[in-house]
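Numbering (this note's numbering), first residue to last: 9 to 264.
Report on the structure given below.
This is the structure we're talking about:
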C-alpha cells in the first residue's frame, strides 16, 4: 500500500486530492519508462535513473560554484547532490526526519569529516557524522536543494504530501538564513516535469527557481510567490504536536 504522507496535512480537500492524483500519475510514468530506481517510485520522492548526471549538471552551474552553504533534502535521488556538495567543500545542512527534535537540522562540515563524502551524505551517514543544530544557529544558506515528485517549468513543485520541505524552508526563512536571494533547485527525471498549471500551489508551497534533469536545465519564471513565514492556518493540531519546535513557537506566541 502506498504510504499516505498527507494524512495529517491541512488545506483544501480538493487541492489535496488533485495533488495526490498527480503524484500517482507521475509515479506510474516513472515505472512505465523504467526510470525508477530502488527503493521504488510510489509513496516517496522517487529515485530516478540519471540522478548522478543531474547532480553533475547542477555542479557545473554558476550558482553552485558561488555557493558555500547548501541545504538539501535527505531523499535518495538527491544523494548524488549531497555527495558532490561535500566533495566540493560546501557545508551541508539536512533536516532531521520529520523535524522531530528541538534541534531540527544536521550540519555536515567537510573540513571535519573522517569518512568519504558518499558515506557522510547518506541518510544514515548524516545522522552519524552530522552535528545537530538549532534553527537559530544555522548559517546563511546559498542554495536550497528540494526533492519533488512533480514540477513544472514555471517553478510549481509537488512533494510527497507531508509538507516538511515547505516547513523546513519556512523555519529557515523565519531565522533569516533563507532570503529572496537564495536559489531553490530540484533535480528530477524528465518524466517528472508536468504541464504548467497542473500543480495546485497554495500560500505555503515553495516554488523552485531551477529544474535540473540529466539532459537540461530549466530556469523558472518565479511565477509563484514564495511563502512569507509559517502558514499556521494550514497546519493541523496533529502536525504541530508532532514537531517540538512548532509546539514551542506556538506556546511562545500565545504568551505574548
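For each residue, glycine too, the CB sits at the ideal point set by N, CA and C.
As the structure is a prediction and not an experimental result, all values here were calculated from the model.
In the structure shown, the three-state DSSP call for residue 168 is coil.
Going by beta carbons, residue 151 and residue 226 fall outside the 8 Å limit.
Annotation for residue 222: 58, 61, 62 place their beta carbon closer than 6 Å to its own, counting only its chain and skipping 5 residues before and after. Buried is the label assigned to residue 176, since at least 16 other Cβ atoms lie within 10 Å of its Cβ. Its chain contains 149, 152, 177, 180 as the residues whose beta carbon lies nearer than 7 Å to that of residue 186, once the 5 sequence neighbours on both sides are disregarded; these appear in chain order. Excluding residues up to 5 positions away in sequence, 174, 177 lie with their Cβ nearer than 6 Å to the Cβ of residue 214 in the same chain. Judged by DSSP secondary structure, residue 129 falls within the alpha helix (DSSP H) whose first and last residues are 125-129. Assignment of residue 24 by DSSP, reduced to helix, strand and coil, places it in the helix class.
Looking at the DSSP output, residue 214 shares a beta bridge with no other residue. Pairing residue 194 with residue 219, the inter-Cα distance amounts to about 5 Å. In the structure shown, residue 187 adopts coil according to DSSP, grouped into three states. For residue 89, the uninterrupted alpha helix (DSSP H) segment begins and ends at 87-95.
Residue pairing by DSSP places residue 158 opposite 166 in a beta bridge. Excluding its 5 nearest sequence neighbours in each direction, residue 141 has C-beta neighbours in its own chain below 7 Å: 111, 113, 115, listed in chain order. Burial state of residue 235 is buried, judged by a 10 Å Cβ sphere holding 16 or more other Cβ atoms.
Within 10 angstroms of the beta-carbon of residue 90 lie 16 or more other beta-carbons, which makes it buried. By the Cβ test, the region 19-36 is not in contact with the region 127-138, since fewer than three Cβ pairs between them sit closer than 8 Å. The beta carbon of residue 41 sits closer than 7 Å to the beta carbons of 199 from its chain, once the five residues preceding and following it are set aside; these are given in chain order.
Counting along the chain, no beta strand (DSSP E) covers residue 250; the unbroken alpha helix (DSSP H) around it starts and ends at 245-250. As DSSP reads the structure, residue 139 sits in a beta bridge with 115. Annotation for residue 37: 199 place their beta carbon closer than 7 Å to its own, counting only its chain and skipping 5 residues before and after. Residue range 225-227 is occupied by the beta strand (DSSP E) that includes residue 227, with no alpha helix (DSSP H) assigned at that position.
Under the DSSP definition of a beta bridge, residue 153 partners with 80, 193.
Around the beta carbon of residue 155, 16 or more other beta carbons lie within 10 angstroms, which makes this residue buried.
When only Cα atoms are considered, residue 104 and residue 252 end up about 12 Å apart.
The alpha-carbon separation between residue 257 and residue 238 amounts to approximately 11 Å. Beta-bridge partners assigned by DSSP to residue 202: none are found.
The beta-carbon separation of residue 190 and residue 71, rounded to 10 Å, does not stay under the 8 Å limit for a contact.
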